[in-house]
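FYI, in my numbering the residues of the sequence shown are 27 to 78.
Ideal placement from N, C-alpha and C gives every residue a C-beta, glycine not left out.
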Amino acid sequence: MKPLKQKVSITLDEEIIRKTKRLAEENDRSFSQYVNLVLREHLTHLEKKSPR
């Protein structure tokens, strides 16, 4: 069973949006899917670097 998701609203710089949309398209993912992927990888990296 997939984890539940919540809708959030954030404000991003235009350049971040443009680059992220391009990368999402290159990876055949939606913008939302790609943002989730990038954030998940970043959080995993931080946890490995400095476990709490």
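Q: Can you give me the start and stop residues for the alpha helix (DSSP H) that N53 sits inside?
A: If you number the sequence shown from 1, residue 53 lands on position 27. Per DSSP, N53 belongs to no alpha helix (DSSP H) and is neither H nor E.
Q. What did DSSP end up calling K47 once you bin it into helix, strand or coil?
A. To locate residue 47, count along the sequence shown from 1; it is residue 21. Correct three-state label for K47: helix.
(Q) Check this for me: beta carbons of K45 and F57, under 8 Å apart or not? (A) Working through the sequence shown from its first residue, we reach residue 45 at position 19. Working through the sequence shown from its first residue, we reach residue 57 at position 31. Not in contact: K45 and F57 (Cβ atoms no closer than 8 Å).
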